[in-house]
Amino acid sequence: MNYKRFVFTGFSVAALPKWRDQSGQFGKDGPFTLVKSSKSGALQFSLGQFRHGPIPNPTAVDLLRMAKDFCLAKTLGPTFDEFTEVSVPVIAGLSVRSHSDFIRVWYISDGKSFLLATYLHEWGKHIYELSECEKIIRSVRFEYP
């Protein structure tokens, strides 16, 4: 399949051609956002880019703890479908059902920078895009100037 690479400030991801960048609709400082169609969910990214100082080098367990803390801080509810992946980059993720919404949260790190990714869709409709979102997450490349 042909994948399109989306290049944002500090990172890039690859997605099938039906996905498009909708970051502009949130203003200049809004989150980087990909959507597949007007009826699809939104996959958003927030980058914490390494600048200087001690290299954090988080483990997969650290990233999973960060994902849980994120959900707790947002009072999203109980988490499920938790996973960690020790690869390059390191990935941790979990899911939440919040009222009528499905939310998937990932933390990704190359050892220096951190990327928070969230996918939000109506509960039950998420099953059509979630596997594509997982592929997009695994395509993350951190970019440094």
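Note that our numbering numbers the sequence shown so that position 105 is 102, with each residue one more than the last.
Positions of the beta carbon are idealized from the N, C-alpha and C atoms, including for glycine.
inquiry  = Given this structure, state the Cα-to-Cα distance separating T72 from V85, to the nearest angstrom.
reply    = Spanning the two alpha carbons is a distance of roughly 30 angstroms.
query = Excluding five sequence neighbours on each side, which residues of the same chain lie with their C-beta closer than 6 angstroms to the C-beta of F99?
reply = H118, W120 and H123
key: Residue of V87, Y125, L13 and P142 minimising C-alpha distance to A57   = V87
key: Inter-residue Cα distance where the pair is V4 and Q46   = 15 angstroms
inquiry  = Does the stretch 11 to 23 come into contact with the stretch 103 to 111, if we say contact requires no fewer than three beta-carbon pairs (one atom in each stretch) closer than 8 angstroms?
reply    = no
request  = Find out if the Cβ-Cβ distance for the pair I133, V32 is shorter than 8 angstroms.
outcome  = no
ask   = Are there 16 or more other CB atoms within 10 angstroms of the CB of R2, so buried, or fewer, so exposed?
value = exposed
inquiry  = Looking at the strands, I want to know which residues DSSP matches up with H118.
reply    = DSSP, once it has assigned bridges, lists F99 as partnering H118.
inquiry  = Restricting to runs no shorter than 3 residues, where is the beta strand (DSSP E) found entirely within the stretch 39 to 82?
reply    = 39 to 45 and 76 to 82
query = Going by the beta-carbon positions, is the gap between V102 and A70 smaller than 8 angstroms?
reply = Cβ distance not < 8 angstroms, so V102 and A70 don't count as in contact.
request  = Report buried or exposed for S43, applying the criterion of at least 16 other Cβ atoms within 10 angstroms of its Cβ.
outcome  = exposed
query = Which first and last residues belong to the alpha helix (DSSP H) in which L127 is found?
reply = Note, L127: alpha helix (DSSP H), L127 to R135.
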